[in-house]
Amino acid sequence: MRNARPMPSLTPRDIELFWAKVNKSPGQGPAGECWEWQGSRGRHYGSVHLYGVTLPAHRVAYYITHGKLLPNLCVCHTCDNGFCCSPKHLWCGTLADNNADKHRKGRANSCRGEQQGPAKLTEANVIEIRNAYASGDYTQARLAYLFSVG
Numbered sequence: 000m001r002n003a004r005p006m007p008s009l010t011p012r013d014i015e016l017f018w019a020k021v022n023k024s025p026g027q028g029p030a031g032e033c034w035e036w037q038g039s040r041g042r043h044y045g046s047v048h049l050y051g052v053t054l055p056a057h058r059v060a061y062y063i064t065h066g067k068l069l070p071n072l073c074v075c076h077t078c079d080n081g082f083c084c085s086p087k088h089l090w091c092g093t094l095a096d097n098n099a100d101k102h103r104k105g106r107a108n109s110c111r112g113e114q115q116g117p118a119k120l121t122e123a124n125v126i127e128i129r130n131a132y133a134s135g136d137y138t139q140a141r142l143a144y145l146f147s148v149g
């Protein structure tokens, strides 16, 4: 994660306007317990524009409810709902913590080999290339040409 922008000082009015854009009604999110951001949304997270800076809504929610937020830390979701701003669902951790949480919950992109969208070789091609190169009969350049990857 790149270092996040520092959080600007928020007035009571800023905080009031922020929470006005959060739906605290029951039934939000995967388990029905989230407080979902209703303002501007990106693909995975809500965003809020404050004092000329666009910030992730869940980071602002964490800052409002927990105070100081170090810019090099992630605000993570126990609910895995990027639009959630519920203080009960937000926790602060390092990028490594966030990635470990993602893997533990099975949300990591685990596409390998030919399952990757842009893959040019099949698993069978890879085995064939490795065997051909190990035989000493082919250079890497020749194999790249033969398999149209170079």
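Residue numbers (numbering that gives the first Met the number 0): 0 to 149. Virtual Cβ for every residue (Gly too), placed ideally from N, Cα, C.
Closest residue to residue i among the options (Cα-Cα distance)
{"i": "Glu15", "options": "Pro29, Gly31, Arg4, Val59", "result": "Val59"}
{"i": "Asn22", "options": "Ala123, Phe82, His88, Thr93", "result": "Phe82"}
{"i": "Cys73", "options": "Gly92, Lys87, Tyr61, Gly66", "result": "Gly92"}
{"i": "Ala19", "options": "His102, Glu35, Gly28, Gly66", "result": "Glu35"}
{"i": "Arg12", "options": "Gly28, Glu32, Ile63, Gln27", "result": "Ile63"}
{"i": "Leu120", "options": "Phe146, Leu49, Pro86", "result": "Phe146"}
{"i": "Gly28", "options": "Ser8, His76, Gly66", "result": "His76"}
Contact check, residue i vs residue j, beta carbons under 8 Å
{"i": "Arg111", "j": "Leu54", "result": "no"}
{"i": "His57", "j": "Gly38", "result": "no"}
{"i": "Met6", "j": "Leu68", "result": "yes"}
Burial state of residue i (16 or more Cβ within 10 Å)
{"i": "Asn80", "result": "buried"}
{"i": "Tyr61", "result": "buried"}
{"i": "His43", "result": "exposed"}
{"i": "Ser85", "result": "buried"}
{"i": "Gly31", "result": "exposed"}
Same chain, Cβ closer than 8 Å to residue i, five either side skipped, listed in chain order
{"i": "Arg106", "result": "Asp79"}
Residues of its chain near residue i, where Cβ-Cβ distance is below 7 Å and the 5 sequence neighbours each way are ignored
{"i": "Gly149", "result": "Ala140, Ala143"}
Given 8 Å as the limit, is there contact between the segment 120-127 and the segment 91-105, that is, 3 or more CB pairs closer than that? The segment 120-127, when compared against the segment 91-105, does not touch it at the 8 Å Cβ threshold.
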